[in-house]
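Number of protein chains: 2
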Amino acid sequence: MRIVIIGGVAGGMSAATRARRLLPEAEIVVVERSGHVSFANCGLPYYVGGVIEQRSSLLLQTPQSLAARFGLDVRVGHEVVGVDASERTVEVRELASGASTTMAYDALVLSPGATPVRPPIPGIERALTLRDIEDTDALAAAIAGAGRAVVIGGGFIGVELAENLRHAGLSVDLVEATEQVLAPLDPEMASPVHARMREHGVGLHLRSQVVAIDAEGVELHDGRRLDADLVVAAIGVRPDTRLATLAGLMVGERGGIVVDEHGRTSDPHIYAVGDAVEKSDAHDGSAVLVPLANTANLQGRRVADVIAGRPSSMRPVQGTAIVGVFGLQVATTGWNEKRLRASGRPYRAIHTHPLDHAGYFPGAATMSLKLLVDPESDAILGAQGVGSAGVDKRLDVIATAMRGGLRARELADLELSYAPQFGSAKDAVNMLGYVDENLADEVTHSIQWHELPAALAGGATLIDVRSASEHAAGAIPGAVLLPVDELRSRLGDVTSNDVIVHCAVGVRGHVAAMMLAAPGRRVRNLDGGYKTWAAGTGE
Amino acid sequence: MRIVIIGGVAGGMSAATRARRLLPEAEIVVVERSGHVSFANCGLPYYVGGVIEQRSSLLLQTPQSLAARFGLDVRVGHEVVGVDASERTVEVRELASGASTTMAYDALVLSPGATPVRPPIPGIERALTLRDIEDTDALAAAIAGAGRAVVIGGGFIGVELAENLRHAGLSVDLVEATEQVLAPLDPEMASPVHARMREHGVGLHLRSQVVAIDAEGVELHDGRRLDADLVVAAIGVRPDTRLATLAGLMVGERGGIVVDEHGRTSDPHIYAVGDAVEKSDAHDGSAVLVPLANTANLQGRRVADVIAGRPSSMRPVQGTAIVGVFGLQVATTGWNEKRLRASGRPYRAIHTHPLDHAGYFPGAATMSLKLLVDPESDAILGAQGVGSAGVDKRLDVIATAMRGGLRARELADLELSYAPQFGSAKDAVNMLGYVDENLADEVTHSIQWHELPAALAGGATLIDVRSASEHAAGAIPGAVLLPVDELRSRLGDVTSNDVIVHCAVGVRGHVAAMMLAAPGRRVRNLDGGYKTWAAGTGE
Numbered sequence: 014m015r016i017v018i019i020g021g022v023a024g025g026m027s028a029a030t031r032a033r034r035l036l037p038e039a040e041i042v043v044v045e046r047s048g049h050v051s052f053a054n055c056g057l058p059y060y061v062g063g064v065i066e067q068r069s070s071l072l073l074q075t076p077q078s079l080a081a082r083f084g085l086d087v088r089v090g091h092e093v094v095g096v097d098a099s100e101r102t103v104e105v106r107e108l109a110s111g112a113s114t115t116m117a118y119d120a121l122v123l124s125p126g127a128t129p130v131r132p133p134i135p136g137i138e139r140a141l142t143l144r145d146i147e148d149t150d151a152l153a154a155a156i157a158g159a160g161r162a163v164v165i166g167g168g169f170i171g172v173e174l175a176e177n178l179r180h181a182g183l184s185v186d187l188v189e190a191t192e193q194v195l196a197p198l199d200p201e202m203a204s205p206v207h208a209r210m211r212e213h214g215v216g217l218h219l220r221s222q223v224v225a226i227d228a229e230g231v232e233l234h235d236g237r238r239l240d241a242d243l244v245v246a247a248i249g250v251r252p253d254t255r256l257a258t259l260a261g262l263m264v265g266e267r268g269g270i271v272v273d274e275h276g277r278t279s280d281p282h283i284y285a286v287g288d289a290v291e292k293s294d295a296h297d298g299s300a301v302l303v304p305l306a307n308t309a310n311l312q313g314r315r316v317a318d319v320i321a322g323r324p325s326s327m328r329p330v331q332g333t334a335i336v337g338v339f340g341l342q343v344a345t346t347g348w349n350e351k352r353l354r355a356s357g358r359p360y361r362a363i364h365t366h367p368l369d370h371a372g373y374f375p376g377a378a379t380m381s382l383k384l385l386v387d388p389e390s391d392a393i394l395g396a397q398g399v400g401s402a403g404v405d406k407r408l409d410v411i412a413t414a415m416r417g418g419l420r421a422r423e424l425a426d427l428e429l430s431y432a433p434q435f436g437s438a439k440d441a442v443n444m445l446g447y448v449d450e451n452l453a454d455e456v457t458h459s460i461q462w463h464e465l466p467a468a469l470a471g472g473a474t475l476i477d478v479r480s481a482s483e484h485a486a487g488a489i490p491g492a493v494l495l496p497v498d499e500l501r502s503r504l505g506d507v508t509s510n511d512v513i514v515h516c517a518v519g520v521r522g523h524v525a526a527m528m529l530a531a532p533g534r535r536v537r538n539l540d541g542g543y544k545t546w547a548a549g550t551g552e
Numbered sequence: 014m015r016i017v018i019i020g021g022v023a024g025g026m027s028a029a030t031r032a033r034r035l036l037p038e039a040e041i042v043v044v045e046r047s048g049h050v051s052f053a054n055c056g057l058p059y060y061v062g063g064v065i066e067q068r069s070s071l072l073l074q075t076p077q078s079l080a081a082r083f084g085l086d087v088r089v090g091h092e093v094v095g096v097d098a099s100e101r102t103v104e105v106r107e108l109a110s111g112a113s114t115t116m117a118y119d120a121l122v123l124s125p126g127a128t129p130v131r132p133p134i135p136g137i138e139r140a141l142t143l144r145d146i147e148d149t150d151a152l153a154a155a156i157a158g159a160g161r162a163v164v165i166g167g168g169f170i171g172v173e174l175a176e177n178l179r180h181a182g183l184s185v186d187l188v189e190a191t192e193q194v195l196a197p198l199d200p201e202m203a204s205p206v207h208a209r210m211r212e213h214g215v216g217l218h219l220r221s222q223v224v225a226i227d228a229e230g231v232e233l234h235d236g237r238r239l240d241a242d243l244v245v246a247a248i249g250v251r252p253d254t255r256l257a258t259l260a261g262l263m264v265g266e267r268g269g270i271v272v273d274e275h276g277r278t279s280d281p282h283i284y285a286v287g288d289a290v291e292k293s294d295a296h297d298g299s300a301v302l303v304p305l306a307n308t309a310n311l312q313g314r315r316v317a318d319v320i321a322g323r324p325s326s327m328r329p330v331q332g333t334a335i336v337g338v339f340g341l342q343v344a345t346t347g348w349n350e351k352r353l354r355a356s357g358r359p360y361r362a363i364h365t366h367p368l369d370h371a372g373y374f375p376g377a378a379t380m381s382l383k384l385l386v387d388p389e390s391d392a393i394l395g396a397q398g399v400g401s402a403g404v405d406k407r408l409d410v411i412a413t414a415m416r417g418g419l420r421a422r423e424l425a426d427l428e429l430s431y432a433p434q435f436g437s438a439k440d441a442v443n444m445l446g447y448v449d450e451n452l453a454d455e456v457t458h459s460i461q462w463h464e465l466p467a468a469l470a471g472g473a474t475l476i477d478v479r480s481a482s483e484h485a486a487g488a489i490p491g492a493v494l495l496p497v498d499e500l501r502s503r504l505g506d507v508t509s510n511d512v513i514v515h516c517a518v519g520v521r522g523h524v525a526a527m528m529l530a531a532p533g534r535r536v537r538n539l540d541g542g543y544k545t546w547a548a549g550t551g552e
């Protein structure tokens with residue numbers, strides 16, 4: 014049996030090594046266009062920035078080491094230029110010599126990844142991209158002696174590159190077409206990311222397009238110019254479907270190779286994994302493109318299982334992802350509010366700003382969390398987190414709760430590890446559950462930051478229950494100060510029957526809202542407090 | 014309606030504040046024997062050690078602040094000395110004056126906590142304990158000028174105190190009756206904790222008992238003496254059932270107050286929460302004592318819900334806990350192997366030694382994880398972890414998976430957040446799932462470190478597939494060296510039909526085991542490799 018695997022990183026290499034373990038006798042050939050296999054894709058920006066100092070750290074395996082340990086026939090610098098699905102052969106060209114050979118396969122695994130998008134901007138050929146070791150070397154070489162860089166695109170890679178170019182000592186401008194970086198975040202969650210990037214000297218140009226690139230820099234849609242010795246395009250990626258097209262395989266509406274739950278393409282002997290394929294969304298089963306390494310690796314393993322005749326199927330994807338931004342952890346899972354709203358799906362949003370560990374223990378840092386919940390079923394639809402520490406843990410716990418089918422209110426009951434340096438007796442995740450159960454049971458009612466203008470225009474009274482000094486340092490227009498610790502003795506001061514309370518983060522607001530409950534009165538607590546409102550209404 | 018709550022920390026204070034929010038009109042009285050309420054219980058050792066510098070950091074609320082914000086009537090320095098359950102009254106004594114008053118209640122909540130065990134050792138009255146702020150002040154005062162301390166007991170508090178006394182500059186000996194500290198760990202997981210404590214200068218006296226305490230120090234069972242200016246007893250705690258006994262309430266065989274799933278004691282108007290009560294074990298529903306702050310806080314909230322007429326019930330407990338030990342994170346959830354073996358329950362054990370984040374990114378640290386699985390249902394029975402970073406996250410994820418009813422093999426499919434500074438594309442938790450599915454599907458077979466002697470005595474051949482230099486640096490007696498990267502070409506060298514392979518942590522061993530599979534041959538991979546074997550056979 015011969016298995017031919019095209020693409021020697023992540024999904025492809027996971028497929029190759031798992032296939033070897035399960036099928037000791039199989040001939041396994043890995044064809045890789047670039048000069049390297051099994052390199053640390055996700056580490057490339059950090060080598061560019063000098064955080065990872067040794068280039069050799071990126072190269073996890075070589076063809077030689079893979080031959081010795083796994084008996085793999087790894088051919089780097091080779092490209093598959095033809096697929097004959099009916100004959101089950103591929104035509105493989107050695108890039109250096111141009112010589113081609115035809116190779117038969119019993120099973121073919123496509124793991125070509127995704128290609129950086131290069132929009133048709135005049136001068137785009139001057140822009141560098143980052144996909145493989147060769148790109149990394151080119152970028153590292155371009156940095157040497159460069160003083161100013163422009164990064165086009167504020168996605169995960171663009172943001173990582175901006176940080177790393179700053180780390181390497183360059184001045185950096187980042188140009189993003191939408192109103193925010195990191196599209197999986199909702200705008201009020203992206204706001205602290207913008208602030209952190211600006212604090213670290215990144216020039217952030219939102220709602221901006223690059224219309225031309227030349228030797229001196231870039232020109233924006235509004236005529237502004239940004240000088241640059243170096244321009245990097247990180248606008249996004251699209252599935253590499255060149256081979257799938259050659260083989261006559263079905264490509265989906267999202268632009269990825271269509272596979273079934275076993276990773277099989279429209280040809281029963283051809284499989285595909287990783288960034289090149291469309292996945293099934295965990296919430297609604299729709300086809301989605303989620304170019305993430307964890308899913309690619311898992312799919313590689315699963316496809317090897319299937320080829321080896323083991324029952325195995327692909328999980329749907331939640332889109333759990335994390336990125337570091339100048340010391341901030343930014344993580345998401347599931348759907349965001351933008352997507353829920355666009356799809357017309359009802360949801361309940363919860364914002365909190367808990368500490369990563371007990372406040373009385375040194376070093377506690379505030380994070381911002383957001384939970385999105387189905388108001389009918391109480392299912393967890395998504396979550397987002399931003400903060401200096403502990404965000405990764407909370408998002409992983411929530412992603413796991415989602416996979417386990419826990420309802421949002423059941424987050425209150427999770428028994429999480431607590432000691433004061435690691436968490437809180439009521440952990441940040443538990444607190445999300447507490448808030449959810451109060452909302453689900455209508456113990457309390459909340460209002461979102463973006464709903465506030467309409468409510469105030471409709472005649473609601475807004476009460477700031479923080480202290481006078483907090484109020485003086487920054488207040489929501491129209492808010493009346495009435496500190497929570499005075500409220501109990503001044504309940505008579507509140508005569509409105511449509512009251513909105515707010516504090517800094519929502520906790521004191523909840524106490525106040527419960528105190529103000531009265532027959533015939535509507536009381537709502539501003540979700541996430543002043544902090545979420547400020548993030549949502551700022552930029 | 015009057016609610017009287019006895020005990021103003023954790024469970025008691027959670028009950029009081031939740032009751033206030035739900036019942037704006039209720040009279041809520043909190044009676045606390047010590048001089049303080051709502052103090053940071055879990056922070057006390059860290060104030061003793063000077064890690065938490067300000068005593069005021071420990072005092073989260075005062076009677077005054079609780080009156081202002083929550084309208085609570087908090088009486089510190091008051092003790093309940095009588096309960097008349099039939100009349101629904103308590104007798105409350107002011108400790109300073111000795112004056113008593115009788116107070117009626119509609120609902121009574123007992124949250125007295127647990128009392129430090131003081132064994133009948135001659136001189137035990139010289140030993141300090143740590144339960145409240147007054148104890149903390151006494152211990153802090155005793156440290157001043159002291160040079161040597163003995164800590165009796167290697168539980169969570171004893172270990173935390175040993176670290177903090179070292180941090181305060183004292184010489185420290187810790188005396189523990191069993192063969193290991195931190196009883197929730199299995200011995201091979203406790204071994205790195207012992208090593209870390211010794212590296213930091215703690216004199217560790219395992220399998221040792223203190224038989225006498227005097228002005229110069231302590232005497233051990235074998236006649237050895239340990240000099241000490243200061244002796245701290247941290248032998249454990251037992252539920253404080255004094256009030257329950259006064260009230261004629263049912264106390265269980267484990268020594269805790271018996272409550273139903275709503276937190277109600279054997280008297281329908283008396284509730285109890287926290288360390289004083291018996292909980293229901295998440296696996297088998299048996300009564301257990303789990304004195305942990307997260308459960309106490311949650312129970313306090315739930316009891317307030319019940320008193321307010323809201324449907325609410327207590328969750329069973331898994332016993333998720335974590336402790337820091339000189340920079341090590343040590344965490345557990347569920348049952349350990351000792352308990353499974355003692356109960357006769359079948360299990361499968363998995364040991365891994367993954368990195369907390371991608372090895373190519375600076376600062377990656379190795380942790381040790383252990384997963385215990387039901388071999389029939391593949392249910393996760395428990396987990397343990399020890400390491401410098403990322404252990405808290407992995408244990409919280411596993412604890413959440415257990416709550417969600419995920420099978421061990423489903424850990425492979427969890428979609429966890431990955432960027433190289435936070436995790437791995439195949440996260441440590443995913444890897445546990447991979448190993449489990451290989452074992453469950455009999456793709457591979459493992460052997461535990463403690464099963465090795467019998468297997469070797471039975472004629473099995475042990476092959477070390479690590480490199481020659483690793484083998485030279487420390488090997489298992491009887492192991493034959495055959496590096497994995499040479500094995501493919503030397504398969505004929507292996508003639509035994511009962512083969513055990515091992516590497517450093519189990520990964521290369523798995524590759525080798527798959528290569529050596531042959532009809533009629535039994536091949537097992539040493540679970541957790543040399544590292545687990547060394548931890549299990551050392552101390």
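These protein sequences, in sequence, are chains A and B. Using my numbering, the first residue of the first sequence is number 14, and each one after it goes up by one. Using my numbering, the first residue of the second sequence is number 14, and each one after it goes up by one. Even for Gly, the Cβ is constructed at its ideal location relative to N, Cα and C.
Hey, quick one: how far does the alpha helix (DSSP H) through residue i stretch, first residue to last?
i: M380(B); result: Unbroken run through M380(B) is the beta strand (DSSP E), M380 to V386; no alpha helix (DSSP H).
i: P200(A); result: P200 to E212
i: A127(A); result: Not the alpha helix (DSSP H): A127(A) falls in the beta strand (DSSP E), residues A127 to P129.
i: I146(B); result: I146 to I156
i: L465(B); result: L465 to A470
In the DSSP assignment, find the beta strand (DSSP E) that holds residue i and state where it starts and stops.
i: R535(A); result: R535 to L539
i: G505(B); result: Element bounds for G505(B): n/a, residue is neither H nor E.
i: H484(A); result: Careful: H484(A) lies outside any beta strand (DSSP E), inside the alpha helix (DSSP H) at A481 to A486.
i: L243(A); result: L243 to A246
Flag residue i as yes if its beta-carbon sits less than 8 Å from any beta-carbon of chain B, otherwise no.
i: G418(A); result: yes
i: C516(A); result: no
i: N310(A); result: yes
i: T149(A); result: no
i: Q331(A); result: yes
So with Cβ pairs under 8 Å, would you call residue i a contact of chain A?
i: R82(B); result: yes
i: F339(B); result: no
i: R267(B); result: no
i: K406(B); result: yes
Assign residue i to one of two classes, buried (16 or more other C-beta atoms within 10 Å of its C-beta) or exposed (fewer than that).
i: W126(B); result: Sequence check: residue 126(B) is Gly here, not Trp. Buried, because 16 or more other Cβ atoms sit within 10 Å of the Cβ of G126(B).
i: R68(B); result: exposed
i: A157(A); result: exposed
Under the DSSP definition of a beta bridge, which residues are partnered with residue i?
i: V563(B); result: Not covered by the structure: residue 563(B). The range shown for chain B is 14 to 552.
Taking any Cβ of chain A, which residues in the region 408–437 of chain B have a Cβ under 8 Å from it, in chain order? Taken in chain order, the members of the region 408–437 of chain B whose beta-carbon sits within less than 8 Å of a beta-carbon on chain A are L408, D409, V410, A412, T413, A414, R416, G417, G418, L419, E423, A425, D426, L427, E428, L429, S430, Y431, A432, P433, Q434, F435 and G436.
Got a sec: which bits of the region 40–64 of chain A sit with their beta carbon under 8 Å from any beta carbon on chain B, in order along the chain? The region 40–64 of chain A vs chain B, Cβ under 8 Å: A53, C55, G56, Y59 and V64.
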